[in-house]
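Everything below concerns the one structure shown next.
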Amino acid sequence: MIYIAFGDASWGLSTNEFWKQQLSGIYFVKEWLYSWVWNDMLNFFLAYLPAILFLAIRTTVTTLVGLWALSASRR
Numbered sequence: 077m078i079y080i081a082f083g084d085a086s087w088g089l090s091t092n093e094f095w096k097q098q099l100s101g102i103y104f105v106k107e108w109l110y111s112w113v114w115n116d117m118l119n120f121f122l123a124y125l126p127a128i129l130f131l132a133i134r135t136t137v138t139t140l141v142g143l144w145a146l147s148a149s150r151r
């Protein structure tokens, strides 16, 4: 992750070039999906899926921390 954030080419890459250079181990999955799924729908999901996953994980973690803090405050 540090290489991606501070690398010279990371900010100037298109999404496809980023997948090819930084995520080359799973790039074949993306190519396979584009051969089977409607391209516009897949573009939408690949653009917003990371944000949706991050928000879901963050919401789950903060809920669990909040429930833990609530139960700890009752003691």
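Number 151 marks the last residue of the sequence shown (my numbering); no jumps. Using N, Cα and C, we set each Cβ at its ideal position, and we do this for glycine too.
| query | Alpha carbon to alpha carbon, what distance is there between Ser90 and Leu118? | reply | The residue labelled residue 118 in the question sits at position 42 within the sequence shown. The residue labelled residue 90 in the question sits at position 14 within the sequence shown. The straight-line gap from Cα to Cα measures roughly 16 Å.
| field | Distance, Leu122 Cα to Ile128 Cα | value | Numbered from 1 along the sequence shown, position 52 holds the residue referred to as residue 128. Numbered from 1 along the sequence shown, position 46 holds the residue referred to as residue 122. Cα-Cα distance, rounded: 10 Å.
| Residue-chain proximity (Ala123, chain B), Cβ-Cβ < 9 Å | The displayed structure is made up of one protein chain only, and chain B is not part of it.
| said: Suppose the cutoff is 7 Å on Cβ atoms and the five residues either side in sequence are ignored; what does the same chain contact list for Lys96 look like? | reply: Indexing the sequence shown from 1 puts residue 96 at position 20. Taken in chain order, the residues that qualify are Tyr103.
| field | Backbone CA spacing between Ser100 and Leu109 [nearest angstrom] | value | Locating residue 100 in the sequence shown gives position 24, where the first residue counts as 1. Locating residue 109 in the sequence shown gives position 33, where the first residue counts as 1. Looking at the two C-alpha atoms, the distance is approximately 15 Å.
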